[in-house]
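Chains as they are written, first to last, in the working numbering: chain A, 85 to 459; chain B, 85 to 459.
C-beta: ideal position from N, C-alpha, C; glycine also.
Have a look at the structure below, then the notes.
Number of protein chains: 2
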Amino acid sequence: MLIVKPQNFQLPAPLPLDCGRELRQVNIRFETVGTLSPSRNNAILITHALSGDAHVCGKYTETDRKPGWWDEMVGPGKAIDTDKYFVVCSNVLGSCAGSTGPRSFNPETGNPYNLDFPVITIRDMVRAQKHLMNHLGIRRWLTVIGGSMGGMQALEWAINYPDDLASFVPIATTSQLSPQSIAFDWVGREAIKYDPNWQNGNYSADRVPDRGLAAARMLAHITYLSDESMSRKFGRELQDSASYSFDFSRDFAVESYLEHQGRRFVERFDANSYFYITRAMDYFDIAARTGGDLAKAFAPVKAPALVISFSSDWLFPTSESRKIVNALLKNRCHVSFCEIQSGYGHDAFLLEVDALGGMVRDFLHNRWKELEQNG
Amino acid sequence: MLIVKPQNFQLPAPLPLDCGRELRQVNIRFETVGTLSPSRNNAILITHALSGDAHVCGKYTETDRKPGWWDEMVGPGKAIDTDKYFVVCSNVLGSCAGSTGPRSFNPETGNPYNLDFPVITIRDMVRAQKHLMNHLGIRRWLTVIGGSMGGMQALEWAINYPDDLASFVPIATTSQLSPQSIAFDWVGREAIKYDPNWQNGNYSADRVPDRGLAAARMLAHITYLSDESMSRKFGRELQDSASYSFDFSRDFAVESYLEHQGRRFVERFDANSYFYITRAMDYFDIAARTGGDLAKAFAPVKAPALVISFSSDWLFPTSESRKIVNALLKNRCHVSFCEIQSGYGHDAFLLEVDALGGMVRDFLHNRWKELEQNG
C-alpha cells in the first residue's frame, strides 16, 4: 500500500493575477510520490480537473476507503511509475482542498474572502505551480500531464514556461471553452445562486448552498458521460419497482445515480470554489491572446506533446484536440496524437486506464531516455 | 393577415388515464384554420412540443406582435396550406395554455390540482385529442404532424388509432426518451424544486417559482441548440465590453441570451405544467409495451409515414428516427425518411422551414390526391 501525505507550501511573495489584483499569503497544498533523481530529470507534474485535488494516488492511512483520484494510473509500477519518477500534484488555486481559495481567510480582513476573492484564470493556477516547482528545486518537468482542466494547465505550462518542461500531455481538453460549455457553467452557477443558503457567497459553514451545488454537479455530470455510456449503464431501467410510480419521485436508475452524485459532491466540494473554477474555465481561451490565431499563441512552445482525446467525449471533443495538434504542428513542434475509442464520454480520461496508460508509459519512458542521453 | 380565434371543447365524459385515474371536466383549448371539405378528407392535426400551444399560426388581432409558433409553416399558401386544408391544433392535456392542467381547478375540491393532478402520458394527451376529433366531426385525419413531443403524439396516433389517420409525420422525435434526456429533465425539475417559491407545487399566482423554472428552461434550451449553432450565433463573444469583467455577471453573449430565454419562458409557462409534461416525456417508451420490441409495438400501424430528422439534433438524433423507420419497415409500412442537413440542432424543426416545408407540402399533396381518388 502506497502511503502519501499532504504537504503545504506558502508562497514567499504575493501572487500577481491576470485580473490585475494580487493574492497575499497563498498556500498551495501538494503531494509528492517517488524520489527526485540526482540529475533532477524525473519530475512529473500532474494537473487536476475541476473537482480534483492534490491527492492523486495512494492513501493517507492503511484504512482509507478510497485511494487518490488517478490511483489506477499513478503508483509503483503503474503507467506513471512512482518507482521511476518523482510525481508532484498540487491543488489548484481557487479550490477548496487545501490551496488558497474563496473560503480561505483574507489576511486583510480576517474573514473568508467569499466573492471578494479575485477571479482567477488557468494561467494564475499555473503561475502558483511555478512557485511550487522552484520551491521543490525542480529545474525542468519531465512532463506536465492532465485531463480536462488539467490539460488546460498543461497547455499554459508549455506556452508560458517553455524552458521548464521537457514534454506535455494535454488529455481530453480544449484550447478554449465552447459557448455550449460556458452555457452549462452559467446554468450551474445560476442553480447555486437560486439556493436560499447561497447568500451571495457569504454562507456559513453549517448552512451551505448544498441543493444548488448538487444541481450544478448533476448537470455537469451529464456532460461528463455520453449518451452511449448512459444507455449502457442505465438505459431506461427503473430503480426500485417494476412499473412507473406516476409521480415525481425517483423512478429511473439514472435519476438515482445523478442524485447520488450530487449528494456525494456537496460532501467534498465548496460552492464558491465551484464559482471560481468554472469561471476560470469560461475565461480559458488561448487564441484570444493572439487575435484568435491559435498557432501564433503556441509559438513559444518548445516541448514535444502527446495529445489525447476520446471518441465519445462531447464536452471536449476530438475536434478540439485536433485544433491543438494542428496549431502545434504549424509551429513545427513534435506532436503525437491519439483519439482513443471509448464510449465513456469525457470521463474516459479517468476510466480508460489501459489504453491511456500504455501510451503515457511509453511516451514518458522515451522522453526520460532522451533526457538521460542528452541532458 | 390571418386572424384566428381560440376555442374550447369540454370533454363529454371523464377521461381515463394510463395511470389508472380519470380526469373530470376536461377542457381542451384548440384552434382551427381553413375549411373542412364536404368529403372531410382535408383535416390535419398539428401536435405541439413541450412549450407549445394551440396557437399554431396567424394572429388573434391585427396588432398582435407575434404570430403562432409555426406560422412560417402553416397558413394560406404555405407548406401546410390553410387554403386547401382544415388545420386543427390543440393544447395538450397537462399544459398551461388553455387545456386542463395542474393549475386548473379540481372540480372535487374547488382548488387548483397542483401536484394532485394525475401524472399523464403522451398517450393520454392523444386520447383527449381523439375526443376533439369526434367533436369536430372528423372521421380521418389527412395527417397528424408534429415535431419533438409533437412527433411522439403522431406516433401514438398511428399506433392507437390506426384507422383514424391517412398518414403521419413525426419530426425530430424518438420512440423512447433516452437516459440522457431523462437526466436533463430530472435536473430541470430539481432546479424548480429548489426554488423557495415552489412550495411543493402549491405556489400562489403572485409568488411563482420563476427562478427555478428559468434555470430549468435555460438548461433545456442548451439541448435544443447545437454546439455548432451556438458557436456560429455567439461564439465566445462578450456581451457589453471588450474584456472580461473578472466577476460573475454576464460576460458572454451566450449567457445573456440564455438569461433572456429563461426570463421570457417564465412569463408564459407554468412550473407545474413543466413538471407534468417533462414527466410524460420521461415515461414515453413505445417499445416497452411490447417487451422492448419496437417493430411489434408498431404492428397496428396502417398509415404511411414521413419521418424527418435533423443532422445536428443531439437531443433526438437521426439514429432515433432510423429506429422508427426500421421498425415501421419491418411492418411493411410505407415510410419516407429524410435527414435534413442543418446546424440548428433540435430547434431546426422550427427553423428549417424551406427544406422541411417543401417536403411536407409534397407529402401532404400526394396523400390528399390519393384520398381524393380512392376515398
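DSSP on residue i, reduced to helix/strand/coil?
i       : result
F368(B) : coil
D165(A) : strand
T362(B) : helix
I204(B) : coil
T227(A) : strand
P122(A) : coil
K143(B) : strand
F330(B) : coil
R113(A) : strand
S393(A) : strand
F349(B) : helix
G159(A) : strand
V444(B) : helix
I255(A) : strand
I408(A) : helix
S315(A) : helix
L322(A) : strand
F400(A) : coil
L177(A) : coil
P263(B) : helix
F382(B) : coil
Does any residue of chain A have a CB that is nearer than 7 Å to the CB of residue i?
i       : result
Q425(B) : no
W282(B) : no
Q264(B) : yes
E240(B) : no
M314(B) : yes
A371(B) : no
E274(B) : yes
A299(B) : yes
Y278(B) : yes
Taking Cβ-Cβ distances shorter than 7 Å, what residues in chain A pair up with residue i?
i       : result
R211(B) : Ordered by position in chain A, no residue passes the 7 Å Cβ test against R211(B), which lies about 16 Å from the chain.
D331(B) : V203
D311(B) : S262, Q264
Return no unless some Cβ of chain B is closer than 7 Å to the Cβ of residue i.
i       : result
R295(A) : yes
R149(A) : no
E339(A) : yes
I306(A) : yes
D431(A) : no
C180(A) : no
F349(A) : no
L107(A) : no
R320(A) : yes
Return yes when the C-beta of residue i is under 6 Å from any heavy atom of the ligand NAD, and no when it is not.
i       : result
F268(A) : The ligand NAD is absent from the structure shown, which contains no ligands of any kind.
Give the interface partners of residue i over in chain B, defined as CB-CB distance under 7 Å, in chain order.
i       : result
T303(A) : Inspection of the sequence shows that residue 303(A) is occupied by Leu rather than by Thr. Under the 7 Å cutoff, chain B gives V271, L303.
I206(A) : What I206(A) touches in chain B: nothing, since even the nearest Cβ is about 13 Å away.
R323(A) : Inspection of the sequence shows that residue 323(A) is occupied by Gln rather than by Arg. The premise fails here: Q323(A) is roughly 12 Å from chain B at the closest Cβ pair, so nothing lies under 7 Å.
P254(A) : In chain order: nothing, as chain B lies at least about 19 Å away.
C103(A) : F330
Quickly, what does DSSP pair residue i with across the bridge? List them, please.
i       : result
T131(A) : G230(A)
D106(B) : What sits at residue 106(B) in the sequence shown is Glu, not Asp. DSSP lists P100(B) as partners of E106(B).
V171(B) : V117(B), I128(B)
I243(B) : DSSP, once it has assigned bridges, lists no residue as partnering I243(B).
S420(B) : L390(B)
N92(B)  : R113(B)
L249(A) : W225(A)
I87(B)  : K143(B)
F336(A) : L322(A)
F189(B) : P196(B)
Interface residues of chain B around residue i at Cβ under 9 Å?
i       : result
F359(A) : F332
L367(A) : Reading off the sequence shown, one finds Tyr at residue 367(A), where the question assumed Leu. Under the 9 Å cutoff, chain B gives Y328, F330, D335.
R75(A)  : This structure cannot speak to residue 75(A), because chain A is shown only from 85 to 459.
Run through chain A and tell me which residues come within less than 8 Å of residue i, C-beta to C-beta.
i       : result
L342(B) : A267, W270, V271
Check the Cβ of residue i against every Cβ in chain B and list those closer than 8 Å, keeping chain order.
i       : result
R487(A) : One cannot answer for residue 487(A) here, as it falls past the ends of chain A, which runs 85 to 459.
R363(A) : F332
Report task. Decide if the region 108-120 of chain A is in contact with the region 327-338 of chain B; the criterion is three or more beta carbon pairs, one per stretch, under 8 Å apart. Result -> In short, these stretches do not touch, since the Cβ pair count stays below three.
**Report entry** Contact between the region 318-335 of chain B and the region 447-459 of chain B (3+ Cβ pairs under 8 Å)
**Finding:** Output reads no: the region 447-459 of chain B does not touch the region 318-335 of chain B.
Query - the region 297-311 of chain A contacting the region 261-280 of chain A, beta-carbon criterion three pairs below 8 Å - result: Yes, since at least three Cβ pairs between the region 297-311 of chain A and the region 261-280 of chain A fall closer than 8 Å, the two stretches touch.
Query raised in the report: How do the region 142-154 of chain B and the region 246-266 of chain B stand: do at least 3 beta-carbon pairs fall below 8 Å, yes or no?
Result: Not touching, per the Cβ criterion.
Query raised in the report: Is the number of C-beta pairs between the region 349-358 of chain B and the region 285-299 of chain B that are closer than 8 Å three or more?
Result: At 8 Å Cβ cutoff, the stretches touch.
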